[in-house]
Amino acid sequence: MEPEPIVVAPGEGHRVGNVEFLARTVDTPRFTFGIIEIAPGRVLEPHVHDGEDDAFYIVEGEMTFTFGDEDVAAPPGTFVLAPPGVEHGFRNDCGRPVRMLNIHAPAGFDRRIGLSE
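Each residue of the sequence shown is one higher than the one before, starting from 14 at the first, in our numbering.
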């Protein structure tokens, strides 16, 4: 089968909760790409991805990332990469929703959080 381009119109990605996936595992085994919206006060506890890179780009709002005992402010335009094995978490302290782009490589993150094809 010949590869086909994938075009996703605004708002027409595949949703799982607060994540809109634009590139899924079914689309490519190389990565997943999504837009995540984090509500004010939301905290994602520190965690580790053993076999994948987890990358973020802040579009709106300010996220605070945690790496061990270190807090890192991430205003719009900030890029954050947590390579495999690096413990990371984040929280929204800014009082309004944060929108960020997220890439997991290789793919599979979408399936782990409940997206079926």
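Virtual Cβ for every residue (Gly too), placed ideally from N, Cα, C.
Check, Outcome
"For V111 and G74, believed in contact at Cβ under 8 Å, the rounded distance", "3 Å"
"C-beta atoms of R43 and E130 nearer than 9 Å", "no"
"Residues near C107 in its chain [Cβ-Cβ closer than 6 Å; skip 5 each side]", "G74, E75"
"Separation of V99 from A87, as counted between CA atoms", "17 Å"
"Separation of M14 from T77, as counted between CA atoms", "44 Å"
"Exposure label - H117; buried when at least 16 CB within 10 Å", "buried"
"Contact set for T79: own chain, Cβ-Cβ below 8 Å, skip 5 residues either direction", "P59, V85, H101, G102, F103, R104"
"Backbone CA spacing between G47 and V21 [nearest angstrom]", "11 Å"
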